[in-house]
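**Q** Following this message is one structure expressed as structure tokens.
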Amino acid sequence: MQECTSVDDHTMDMLIALHAAPAVPALLALAVRKPLAPEHNLVTAWIAHHFSPAWASEARAALANRPLTLFIATRGNPAELLGFCAYDATARGFVGPIGVRDTARRSGIGAALLLACLHDMRAMGYGYAIAGAVGAPEFFRQVAGAMEIPNSTPGIYAGMLRAP
Ligand SMILES: CC(C)(COP(=O)(O)OP(=O)(O)OC[C@H]1O[C@@H](n2cnc3c(N)ncnc32)[C@H](O)[C@@H]1OP(=O)(O)O)[C@@H](O)C(=O)NCCC(=O)NCCS
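Encoded structure:
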């Protein structure tokens, strides 16, 4: 798994210009939306299971914001959770973490989630977003024109507690 907050020599922060973000693509039968309160525990448990407790912790921070700053992608009825993307979780103006279930990758879901967050950030008044300690730079480059920020490692994550 590639981590947004596992900082090592290979990760860096990236800058994204929100005014240049492409429109959110409409994907067949995919709902990209903010979760309702009764879904919050299910969403964070799913993130801990498919990704990491640290990402679930970041998701809880995003879900505590008002308005909340996390999108999910679901399909079907009853809905199946396929991915999530948060912003303003670890730091204001930061987008991520983002994750798509491994069986659903490379079908545009990650792009739809990232762009939904970026447009929400623009509506909230931000001009730029920062993707922190990026583990999938090509994805951010392709989808949102993200650019590497020099000397951004370890950035805000310096000295962070780690699971033993
Ligand atoms: C990164 C991630 C969210 C991308 O989700 P996805 O739904 O597969 O992404 P998309 O299908 O929308 O991809 C859009 C474009 O991004 C690029 N891209 C996506 N994943 C990529 C990868 N692993 N390597 C290089 N380019 C990638 C491609 O250009 C892709 O378009 P294409 O499929 O037409 O070539 C997903 O791979 C994931 O959850 N990875 C594990 C968690 C993770 O690393 N999160 C990011 C931490 S910073």
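Sequential numbering from 95 applies to the sequence shown in our numbering. Cβ coordinates follow ideal geometry from the N, Cα and C atoms, glycine included.
(1) DSSP puts ALA114 in a beta bridge; with which residues?
(2) Just curious, the beta strand (DSSP E) that ALA206 is in, first and last residue?
(3) Would the segment 197 to 209 count as touching the segment 142 to 151 if we require 3 or more Cβ pairs under 8 Å?
(4) Please say whether LEU164 and PHE178 have beta carbons closer to each other than 8 Å?
(5) In the structure shown, what three-state DSSP assignment does MET254 receive?
(6) Looking at ARG154: is its Cβ nearer than 8 Å to the Cβ of LEU176?
(7) If you count every other CB in all the chains shown that lies within 10 Å of the CB of THR168, and 16 or more means buried, which is it?
(8) Quick one, which of GLU133, GLY170, VAL137, ALA114 has its alpha-carbon nearest LEU74's?
(9) How far does the beta strand (DSSP E) with ALA168 in it extend, from its first residue to its last?
(10) For a quick check, are the C-beta atoms of ALA120 and HIS213 less than 8 Å apart?
(11) Is ILE192 helix, strand or coil when you go by DSSP?
(12) Grouping DSSP H, G and I as helix and E and B as strand, with all else coil, what is ARG235?
**A** On the basis of the supplied data:
(1) ALA114 pairs with nothing; no bridge assigned.
(2) First-last for ALA206: 203 to 218, but that is the alpha helix (DSSP H), not the beta strand (DSSP E).
(3) no
(4) yes
(5) coil
(6) no
(7) buried
(8) The chain is shown from 95 up to 258; residue 74 falls before or after that span and cannot be answered.
(9) Sequence inspection shows Thr at residue 168; the Ala mentioned does not correspond to that position. Residues 164 to 169.
(10) no
(11) strand
(12) helix
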